[in-house]
Every structure is written in C-alpha cells, then in structure tokens.
Amino acid sequence: MISPLLSVSNLHVGFGRDLVKTEIVKGVSFDLSAGETLAIVGESGSGKSVTALSINRLVDFGGGRITAGSIMLSRADGTTVDIATAKEPVLEKIRGGEIGMIFQEPMTSLNPVLSIGRQIAESFRLHRGLTGRQAEAAAKDALDRVRIPDAARRLKYTPNQLSGGMLQRVMIASALACNPRLLIADEPTTALDVTVQAQIMALLAELKRETGMGMIFITHDIGLVAGSADKVMVMQAGEAVEQGPLDDILDRPQHAYTKHLLSAVPHFQSGRAARADFARQQKQMAALKVEGLTVRFPVSGSIFSRSPGSVHAVENIGFDLMPGETLAIVGESGSGKSTTARAILGLVKPIRGDFSTPGTNAATRTDPGVQMVFQNPYASLNPRLRIDSILAEPVIAAGEPVTAKTRERMAMLLKRVGLPEDSLERYPHQFSGGQRQRLCIARALMLNPKILVLDEAVSALDVSVQARVLELLIDLQKEYGLAYLFVSHDMAVVERIAHRIAVVYAGQIVEIGDAASVLSNPQHSYTKRLISAVPTIDRRQQHFEIDTRQIPSLVRPAGYEPPQADWRGFGGDHRARVEA
Amino acid sequence: MTYLAKRLLTFPLVMLGVSILVFVAIRMVPGDAITAMLGTEAGLLTPAQRQALAAYFGIDQPILVQYGHWLLGVFKGDLGISVIHGKPVLGIILERFPLTLELALLSMMIAILVGLPAGIFAATRTEKLSDLGVRIIAMIGQSTPNFVTGLLLIYALSAGFGILPTMGEFTPLTVDPLKNLGQMILPAITLGFAFAASVARISRSAMLDVLSEDYVRTARSRGAPKRWVIWRHALPNALIPVVTISGVEFGYLLGGAVLVEQIFALPGLGRLVLEAILQRDYALVQGCVLFIAFNFMVVNLLVDLAYVALDPRIRLGEGS
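So the protein lines, in turn, are chains A and B.
Under my numbering, the first residue of the first sequence is numbered 680, with each subsequent residue one higher.
Under my numbering, the first residue of the second sequence is numbered 137, with each subsequent residue one higher.
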C-alpha cells in the first residue's frame, strides 16, 4: 500500500494550563493523498481551525499543545516525519517548504509595512537560500503564477495598496512559492466577495492540478465544499462526526449534525427556494418610496489643489417597498448597498433624491417608523448597559417617557424573539451571537416600526444560527406586517427572505424584480456573474473560469453626471438596465 | 512636500502663541527684575530711582508696548539683552545649547541601545523570570526621580570604587572629547536610565501586540525562525510607538534637565532657564522658551517624518 501524503490519527489538542479541561480537538483522524482535497466543515468552535493549525504546528504559538496522537507527513525526500513530536528546526523546514498555508483575512495576514514582493521573496530566502535579484525574480514568477497582472510593478506595493482579492492571491503566491506538497487553506474566501471567492477557488483548483499537491480546505460553507472537495470531514465540538467521499456526505449523510448542516443551513437554489407568500395589491400605499437617491462623497484635495471629484457611492437609486414585503439589496463590498440603507435612515446625507414614508418628519427627514438592525451584534450592543436600558434607548431617543407600559413591551418582545424573560436584568456578554442579534431585533421593534432596515443582519452569525434568525424575521414580518429592506451580499440568505431583489453594482441598481425571477432568470451581465459565482451543493467539482475583471472606480470628476439609464422589462416587475 | 510646507507654516504661529503666553505669564508673577536684584532693599528706593531702574530694564511701559518692542526685535534676530549676563540672549542660549543637545543625544542613545533590546527580550519571554526582571527594573527606572539616580551613581562610584566623577569647569566636546565624555557620561546614564525604562516598557508591550498579529503567524507558516520573525516582521511594526515615546522624551530633554545639570554642575539650558526665572530676567526667559518650543516642534516634525518612513500606510497631510 502506498503511504498517504498525510496521515493524522487520534489527534488531541488542548489549550492553556489545563490541557485536558480545555481540549479543543478530541481524537481526530484522517488521511490525505497527494492531489486530493479534503474539506473540513464545521461551525465556529468546532475545532476545525485548531486541527488545521496543528498540522504545521502553528498551534504552538497560540498557546495550544498536541497532547496525544500523531501527524505523519511523507516528505519530498521519501522519509516520513511525525509532526506532532518534531522539533522546531525540523518544523521550520516543513512550514513553507512542504506545507503552505493561507488564512481567512488577507488584509491582516500580510505585514502592512513590508512590500508584497519582500513577503513573497521571504519563502525563497528561507527555503531556497536565494538573495537579492534572484529572490526578486522568483517572487515575480510567483505573482505571475497567481495571475496578477503587471507583477513586476506590483512587487513594490504594500498590502494597503491592493484589494482583498488581490491580497489573497498574494497570500497564495507566497504559500505556494516553494511548491509545498500540502496546502492548508483556512477559510480562504470567507472575507471576500462572492465573485472574488469564485476566482480564488478557480485559481486554487488550477494550481492544484498543475502541481498535484494535496489540499486541506477549511470552511463553514458546505456549498463551497461541493464545488471543490474530494473528501469531506464534518466536525462538531472537537470531534469528527462524519467523514467520507464528497457525494456520500452530501447525498447520504449519516450523522444527525451533517443532516442538520445540509438541511437547516440556507443553500442557494437558484430561485427555487424563494418566498411566494406575498403578492402586491393594486393601489396599495408603499411603506417606503425612494426616488433618485444619490449620495456622493467628495474626494479631499489638498489646500493648494481643487478636489479632483467625488465618489459616486449611490447614483440615482429608486424603488418602492410595500408593507409586509422584503426587498433585498444585493451587491458586493463597495457597491453602495450599505450607503443606500444609511441614507434612508438619515445617517448619511444624500445630495439629491427623495424618499418618503407615511410618517416621515419633513424637518429632520427621520421617521421612528424606520428602525435598523446592524451586522455585528457584538459591536452594536453597549457592553456596559443592561438589557432593559438597551431596549429603553429607542423610546428615550424618540422623546417618550419610559413607563410601566414600556417595560411590558420589553418583556413581550423578548418573549417574542425567543429570549427568557429574566434577560432584562442581564448584560450583553451573557448572550451568544444569535441571542444578541435577537436582542437587536427586539430593540428595533420597541417603537413599533413599519420598516426594518437589516444591514447584513445575519452575516456575522454561524450558519445554523442564521437559519433560525431568518425564520424569526419571517414570523415577525407576518405578524406585524413589517416591510424589510434587507441588505446582504449572501445570495443564499437573500433567497430565503426576499420577495423582491435589487442588484446594486457600482452605486446603481442594474436589475430589480421578483426574487424568483431575478435569481432563476438573471438578465444583466453582472447579475449573471454574481449568481453563477454562488456555490451550491448542486454543482459538484465545478470549474470556475478565472476572471480578473475589477470593479470600476467610482471616483468621478467634479460635475460629472451619469447618462440616463434605459431599462428593459422581463415580465412582471422584473427589469434590468440595458447595457451599452 | 506640500505637507512639509504646511507644517513649517505653523511654526511661526505656534511660536507667536507661546511667546504671548510666556510674556504675560511671567509678568503676572509678583515681583520684577528690580525686587529680584535688590530683594527687600528695593523698598528703600525712591519712586524716581525705581522709575529710572524700570526704564533701564524696559519694564516701565504698558505690556503691549513691551511685547511689540520685543517682537520687532525677534524679527530682526535680536532676542534682547539678558539683564543678569549683560549679553545678547541668543548668544547665551547658543553657548549653552550644545551641552544640552549632547546630553539629550547621549541619553537617547543609551535608551535605544539598552531599552529597546530589553523590551524585545522581555516580550519574547513573557511571564518568565527574565521578563519579570526587565519589567521590575523598568518600573524602578521610571519611578525613581533622576536626582536620586544621579546621587546614587556619584555615591557608588566614589564610595564603592574610589573614583570621583570628573567635575570642575565644563569642557566642550570640541575642545577635549575624552574629558568631555568623562564629564557627560554620568549625567547621560542618569537621564538615560529613566528614558531607557520607558522605551523598554513601550517596546515590550508594542512587541507583544505585534507578535499576536495575523501576519506574524503568516511569517511562521512560511517557516521563518523566531529571530527572523522578530527582526524582520515584528520590529518594524513595533517601532512606531517607540518612536513616539522617544520623540516626546527627547523633546523634553532639549528643554534642559534642571536637576541633573545642578547635581553634575553642568551649564545646560535647564539651569539657564531656572536662573532666568528666579532673577526675573524677562528677555532671557522669553528667549529660552521660544527656543525650546522651536526645538520641540522640530522634533515633532522629525517624528512624523519617521512614521512615514516606517509605515507605508501613513500618508501625511491627508485627512487630519
């Protein structure tokens, strides 16, 4: 029998002083052959990242210790080494030389004060003994390999000068510099936009084919697994609850947790899972009507030169939102979707355009009937305030007295969002992420609003928690007839909650319409690109096309006005912008 | 470069503000040059005599007129005449300044050469005995007043080893470098000890922060050994707060170190200012303060330029 590239058996990893009590990985075993991709799937705290960091023993630097088990790696020279017990000098040869690693956050994973060229060249200096010109030339080749155009010039860039997708390519270039036999990718695309994610996955697949390396791919997104993995290992609470070939796991899951992951978690189904529980009535008053909304931010010039122009963050956006309806605004980072939401709440000032709700106060342009739930439930609750104070805040802000009735409403809403009644006397840190987001929803409902603006409201939550919060939102919508403006980049989540979808690209709506219609029959080229990039469990071993297109700059010279848009209808209220 | 131009433009504005403050403040303190010179005997002067003396010192006119006269002089490069020394203020300052500058530079050298490695050393051995040792010494260094350190140093050398520090007439560096260093080494150590202590503390904590950054993990994932990680990845990032602290401390030292100069009998800027204040030598005080403010601004500017060199993310002149 040929020995596998990597063979992990009965791996135990503990942290801190009491290694047994704080055991994070509890007896994980798996094998990986050259050219194979193993996906490790699990939610935060499942031990999947710690498992990955143990394989090149980086876990040592985070206070972890391998307490039992072995990690046998067959090295390039034909020998086998047990990484679990190897000494640091040996490990330094293996790291980068035989095991490369890429991380979740390309923005923070590269040294901000060193040029990317130096950081890539570092691998060559460390493992190949190259110096000066030679190292630089090798770094340029490495950048070419990850399809970064104009590599020679970009070598001198520092990380702040490149986008997240570009930086992740730089990370890949540096991890693969010395042709490692194994690549560990720890959530490599979680921080990236979906079209960029598709590009990175395509690149990794292509490089894997070129080099025949083995790959361990860690993710919480089981849809992404379908497109890239040969084998899957599902982890929960430090144990591998199920592992096997990709099709077995996805089509015939055995363990309850795997089934739960596959069924409870929103998967993108190209519009088939879209909601059909709302129909617009003729002559109904819109809960929110937005017309020609335009937000621009001036680009600051120096005192000696005039401002070179402004960022056209939101350009002439218009839509209406009926009571009881969800309009999802989807787009990638920088597309202007959050700015749109903020403008409607009066948090940024539009330079032009109008929006009206039945209760808008003309003077302040604010309306207590519009409330907001933010993305990060950890940052949006003041840790020093008790829950009753937090829930009282919107009431106080609206200038109303806090009375026994207010407390009654607090208790009622807490019960409604599924939190125990004694929550009122507790502090935010005593709640989990999902519970915190429920608190934020309760807070938003305190003033009995008509419209909720949900800005990436479930993005920071674990996948199975996402599903439950989405269910709660749908229930609340039906009960109170709420209109939702749901801003998100996650197409799978949007499919679950939206009745209508507006696709925003470079500050403008390029396509809008009925959710099922937009998702199943996209018309604008950007919508098509966006939807084809969304991983689904239907598409197995998918070959993504590598696409190096960049989002156009939104900076326009002063006085620039975009041309009038032409629209084409595609049945119902599905419209898309005509492309030049 | 427009940034540099803008910064240089603020120099005269800040100095104008500083000069007004000093001008007014020193005249609000009870007593004047006459009482300072004659003490209680000033009471014996007849009003006419007093008037004549006041006119001699130039303090008989309204404060605004005095300020106008003085400012006009400053524009011509004339900071006025010192009453106690009977010489132009600028000349006196420039005479004293080399010593102060030398002392500040020596102290900073000691601080960087000792404090920085000590901080880095401690950061890489957190919670071990050596880390604790560095932290305790640094704490002592920061909390001991420097006259105590200075006196202890003198005592240790004379009582312990029987060597007396070179005292007596101060010898400038340009006249006899060896003798000069012999005189300067103890005061420099005295000031450098406290300086090194704060550098050690700040570099330790900055280093600890940086070592837990993602990019340090990335460097390790490439197989970089500990030393490589510390010197090539962590240090350039950790230096930024160290530069800030060093700049501030160095700026203070350029204003003179009164106590240390006193103990080691050094004719530095600190003692000059002190004498000037005690003697109500208005012109000298104003000149010194203006000079010190100018130095402080130059140091601050250098610190800002150092940031740019250290961190490519910082672009001066944008935003703020």
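Heads up, the beta-carbon is just placed ideally off N, CA and C, and yes, glycines get one too.
By the DSSP assignment, the alpha helix (DSSP H) with residue i in it spans what residues?
i, result
"residue 316(B)", "313-347"
"residue 411(B)", "405-414"
"residue 1125(A)", "Taken as a continuous stretch (DSSP letters only), residue 1125(A) belongs to no alpha helix (DSSP H), as it is neither H nor E."
"residue 1104(A)", "Note, residue 1104(A): premise wrong, no alpha helix (DSSP H); not H, not E."
"residue 1255(A)", "Residue 1255(A) -> not in any alpha helix (DSSP H); beta strand (DSSP E) instead, spanning 1254-1256."
"residue 206(B)", "199-211"
"residue 264(B)", "Note, residue 264(B): premise wrong, no alpha helix (DSSP H); not H, not E."
Does chain A have any CB closer than 8 Å to the CB of residue i?
i, result
"residue 209(B)", "no"
"residue 205(B)", "no"
"residue 350(B)", "yes"
"residue 407(B)", "no"
"residue 354(B)", "yes"
"residue 449(B)", "yes"
"residue 456(B)", "Its pLDDT being 34, under 50, residue 456(B) is placed unreliably by the model, and the measurement read from it follows with that caveat. No - not a single Cβ of chain A is within 8 Å of the one on residue 456(B)."
"residue 252(B)", "no"
"residue 446(B)", "yes"
Return the chain-ordered list of same chain residues with a C-beta closer than 6 Å to the C-beta of residue i, the five sequence neighbours on each side being excluded.
i, result
"residue 1188(A)", "996, 1181"
"residue 875(A)", "844"
"residue 868(A)", "876, 879"
"residue 203(B)", "159"
"residue 918(A)", "705"
Need the endpoints of the beta strand (DSSP E) that residue i sits in, please.
i, result
"residue 759(A)", "759-761"
"residue 1145(A)", "No beta strand (DSSP E) contains residue 1145(A), which is instead part of the alpha helix (DSSP H) from 1142-1159."
"residue 924(A)", "918-924"
"residue 768(A)", "Looking at the DSSP string, residue 768(A) is not in any beta strand (DSSP E); the run it does join, the alpha helix (DSSP H), is 767-773."
"residue 991(A)", "989-1000"
"residue 977(A)", "967-977"
"residue 1179(A)", "1179-1184"
"residue 694(A)", "685-694"
"residue 186(B)", "Here residue 186(B) belongs to no beta strand (DSSP E); instead the alpha helix (DSSP H) covers 183-193."
Going by other Cβ atoms of all chains shown within 10 Å of its Cβ, with 16 needed for buried, is residue i buried or exposed?
i, result
"residue 1011(A)", "buried"
"residue 894(A)", "buried"
"residue 211(B)", "exposed"
"residue 1052(A)", "buried"
"residue 1253(A)", "buried"
"residue 367(B)", "exposed"
"residue 849(A)", "buried"
"residue 1014(A)", "buried"
"residue 89(B)", "Examination of residue 89(B) is not possible in this model, given that chain B is present from 137 through 456 alone."
"residue 418(B)", "buried"
"residue 1127(A)", "exposed"
"residue 1046(A)", "buried"
"residue 1125(A)", "buried"
"residue 1114(A)", "buried"
"residue 680(A)", "Any reading at residue 680(A) must be qualified, since the residue scores a pLDDT of 44, below 50, and its modelled position is unreliable; the value itself is stated next. Exposed, since its Cβ has fewer than 16 Cβ neighbours within 10 Å."
"residue 266(B)", "exposed"
"residue 335(B)", "buried"
Does the beta carbon of residue i sit closer than 8 Å to a beta carbon anywhere in chain B?
i, result
"residue 792(A)", "yes"
"residue 684(A)", "no"
"residue 772(A)", "yes"
"residue 726(A)", "no"
"residue 808(A)", "no"
"residue 801(A)", "yes"
"residue 894(A)", "no"
"residue 964(A)", "no"
"residue 788(A)", "yes"
"residue 775(A)", "yes"
Below 7 Å CB to CB, which residues in the same chain sit around residue i once its five sequence neighbours on both sides are set aside?
i, result
"residue 365(B)", "352, 355, 356"
"residue 825(A)", "848, 851, 852, 882"
"residue 158(B)", "421, 422, 425"
Given residue i, which residues of its chain have a CB within under 8 Å of its CB, disregarding the five upstream and five downstream residues?
i, result
"residue 345(B)", "374"
Give, in chain order, every residue of the region 257-277 of chain B whose Cβ lies closer than 8 Å to some Cβ of chain A. Listed by position along the chain: nothing, the set is empty.
Identify each residue in the region 358-371 of chain B for which the Cβ-Cβ distance to at least one residue of chain A is less than 7 Å, and report them in chain order. Of all residues in the region 358-371 of chain B, only 358, 359, 360, 361, 369 come within less than 7 Å of chain A when Cβ atoms are compared, listed by chain position.
Between the region 140-168 of chain B and chain A, which residues of the former have a C-beta closer than 7 Å to a C-beta of the latter? Residues passing the 7 Å Cβ filter: none.
Taking a Cβ distance cut-off of 7 Å, strictly less, list which residues of the region 418-438 of chain B are near chain A, in chain order. none
Anything in the region 839-861 of chain A with a Cβ closer than 9 Å to a Cβ of chain B? List those residues in chain order, please. 839, 840, 850, 853, 854, 856, 857
Give, in chain order, every residue of the region 1111-1142 of chain A whose Cβ lies closer than 8 Å to some Cβ of chain B. Listed in chain order, the positions of the region 1111-1142 of chain A with a beta carbon within less than 8 Å of a beta carbon of chain B would be empty, since no residue qualifies.
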